[in-house]
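Asker:
Structure (structure tokens):
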């Protein structure tokens, strides 16, 4: 599909391609009706499977009522080159993706705690609705301009009450770097614990800047997920204490029943470990706790540091809204033709 920069989809002017995926591209656009910047996800193909994915994802997003799930503004279709294309309109997240943030540097334990709490809240919400995301990864976590994180992309989500099954070229749904070991044997048995493993991979990546398993080909990565123990997170960063490492490795257990029971349980365990006395200096470097020792002279014995209430963080809320519509397609000059191109922020989105 040729690039759509400078085109319009009904009332939406497409300004810049900000993400590419196997099934869809994401554009930064402008809503001429409501005078706001939006993200427009345009599906690439016109076939029965793609239409089913489009309808499922749009309906799922419209049904959500959670402050950490990306809301839907609109959805529709347009005709281009004698083919029907489908699109979903969402808020444009100024902060880009978590993947872009991790590429800058590993997250501090405090920042990782904030991200984890936001995404855990979203995950537990969809799990309670009988939905398994199946594609938790850094490029599917978005950041707005106020420091809030959102879970996105429900194109391959599994609904427990859905009698139909999605098909896809290849044997595995999802992104190999993050998929739970059990899903390489039977992807249709995905449940909430599979998402928790992927969340554990994401947590490992946030605090180390690296994936637990990487190789030159996907088959080797699959084998590692199924048979190899993850490396010690502490070998990547001095900021990681033994307590934090134990939490991460528990989330990456091969057997689903040995993982945490919910995303919130994982987030709470991590944040407790990250804020234990003696875990970090102000520069987020892990130091061993100081223990009391017998005093041999008049000097005072060394005592452990005290955890203050200020070391904990809380999340904020954001309302969501949705609408629907069918739009037409017509070319127009780009509104930003005279401006230099911006660096894409939604890069490597799997859509």
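Numbering (my numbering), first residue to last: 1477 to 1827.
Glycine included, each C-beta is placed from N, C-alpha and C at the ideal position.
To the nearest angstrom, how far is it from the Cα of residue 1519 to the Cα of residue 1714?
Answerer: Their Cα atoms are separated by approximately 43 Å.
Asker: Does the pairing of the region 1576-1584 with the region 1598-1612 give three or more beta-carbon distances under 8 Å?
Answerer: No contact exists between the region 1576-1584 and the region 1598-1612.
Asker: Could you check where the beta strand (DSSP E) with residue 1492 kicks off and where it finishes?
Answerer: Its beta strand (DSSP E) spans residues 1488-1496.
Asker: Using the DSSP secondary-structure output, state which residues sit across from residue 1550 in a beta bridge.
Answerer: Partner(s): 1565.
Asker: Just the Cα atoms here: how many angstroms apart are residue 1492 and residue 1501?
Answerer: Each residue's Cα considered, the two are about 11 Å apart.
Asker: Give, in chain order, every unbroken run of the beta strand (DSSP E) that is at least 3 residues long and sits entirely within the region 1603-1688.
Answerer: Taking only runs of at least 3 residues, the beta strand (DSSP E) segments lying wholly in the region 1603-1688 are 1617-1619 and 1625-1627.
Asker: If we call anything under 9 Å between Cβ atoms a contact, is residue 1485 one with residue 1552?
Answerer: Result yes, Cβ atoms of residue 1485 and residue 1552 sit closer than 9 Å.
Asker: Check residue 1559 in the structure and name its three-state DSSP category.
Answerer: Strand, per DSSP.
Asker: Starting from the Cα of residue 1583, find the closest Cα among 1614, 1559 and 1528 and give me that residue.
Answerer: Comparing Cα positions, the closest option is 1614.
Asker: Since residue 1743 is in the alpha helix (DSSP H), which residue starts that stretch and which ends it?
Answerer: Unbroken alpha helix (DSSP H) run through residue 1743: 1739-1750.
Asker: By the 10 Å Cβ neighbour count, where 16 or more other Cβ atoms means buried, how is residue 1621 classified, buried or exposed?
Answerer: With fewer than 16 other Cβ atoms within 10 Å, it is exposed.
Asker: Buried or exposed, going by whether 16 or more other CB atoms sit within 10 Å of the CB of residue 1704?
Answerer: Per the 10 Å Cβ criterion, exposed.
Asker: What is the DSSP secondary structure of residue 1485, counted as helix, strand or coil?
Answerer: Of the three classes helix, strand and coil, the one that applies to residue 1485 here is strand, per DSSP.
Asker: Which stretch, first to last residue, makes up the alpha helix (DSSP H) that contains residue 1530?
Answerer: Here the alpha helix (DSSP H) through residue 1530 covers 1524-1539.
Asker: So, for residue 1481: in the same chain, excluding its five sequence neighbours on each side, which residues have a beta-carbon less than 8 Å away from its beta-carbon?
Answerer: These residues qualify, in order along the chain: 1490, 1491, 1492, 1493, 1503 and 1810.
Asker: Which class does residue 1725 belong to by DSSP, given the choice of helix, strand or coil?
Answerer: Of the three classes helix, strand and coil, the one that applies to residue 1725 here is helix, per DSSP.
Asker: Have a look at residue 1488 and residue 1505 and give me their C-alpha separation to the nearest angstrom.
Answerer: The straight-line gap from Cα to Cα measures roughly 6 Å.
Asker: Alpha carbon to alpha carbon, what distance is there between residue 1683 and residue 1710?
Answerer: So the alpha carbons of these two residues sit roughly 10 Å apart.
Asker: Tell me, please, which residues DSSP counts as bridged to residue 1500.
Answerer: Answer is 1519, bridged to residue 1500.
Asker: Does the region 1556-1568 come close enough to the region 1655-1665 that 3 or more CB-CB pairs lie under 8 Å?
Answerer: No, the region 1655-1665 does not touch the region 1556-1568.
Asker: Are there three or more Cβ pairs, one per stretch, closer than 8 Å when the region 1689-1697 is compared with the region 1586-1597?
Answerer: Result no; under three Cβ-Cβ pairs closer than 8 Å.
Asker: What is the DSSP secondary structure of residue 1506, counted as helix, strand or coil?
Answerer: Correct three-state label for residue 1506: strand.
Asker: Please list the terminal residues of the continuous alpha helix (DSSP H) segment that includes residue 1696.
Answerer: Note, residue 1696: alpha helix (DSSP H), 1694-1703.
Asker: In chain order, what residues of the same chain have a beta carbon less than 6 Å from the beta carbon of residue 1687, not counting five sequence neighbours either side?
Answerer: Same-chain partners within the cutoff: 1653 and 1681.
Asker: Give the DSSP-derived three-state secondary structure of residue 1735 in the structure shown.
Answerer: Three-state DSSP puts residue 1735 in coil, outside helix and strand.
Asker: From residue 1730 to residue 1591, what distance separates their C-alpha atoms?
Answerer: Residue 1730 and residue 1591: Cα-Cα distance of roughly 24 Å.
Asker: Grab me the residues of residue 1496's own chain with a C-beta within less than 6 Å of its C-beta, minus the 5 sequence neighbours each way, in chain order.
Answerer: Nothing listed; no residue qualifies.
Asker: Quick one, are the C-beta atoms of residue 1585 and residue 1750 less than 9 Å apart?
Answerer: Yes. Within cutoff.
Asker: Does DSSP classify residue 1545 as helix, strand or coil?
Answerer: If DSSP states are grouped into helix, strand and coil, residue 1545 belongs with the strands.
Asker: Mind checking residue 1669: buried by the 16 CB within 10 Å criterion, or exposed?
Answerer: Result: buried.
Asker: Which word fits residue 1676, buried or exposed, when buried means at least 16 other C-beta atoms lie within 10 angstroms of its C-beta?
Answerer: Its Cβ being crowded by 16 or more others within 10 Å, residue 1676 is buried.
Asker: Whole angstroms are fine: how far does the CA of residue 1529 sit from the CA of residue 1634?
Answerer: Their backbone Cα atoms lie some 11 Å apart in a straight line.
Asker: Could you give the C-beta distance for residue 1630 and residue 1533, rounded to a whole number, given that I count them as a contact under 8 Å?
Answerer: The Cβ separation is near 5 Å, so the contact holds.
Asker: Under 8 Å Cβ to Cβ from residue 1734, same chain only, skipping five residues before and after it: list those, please.
Answerer: Within the same chain, residue 1734 has close Cβ partners 1726.
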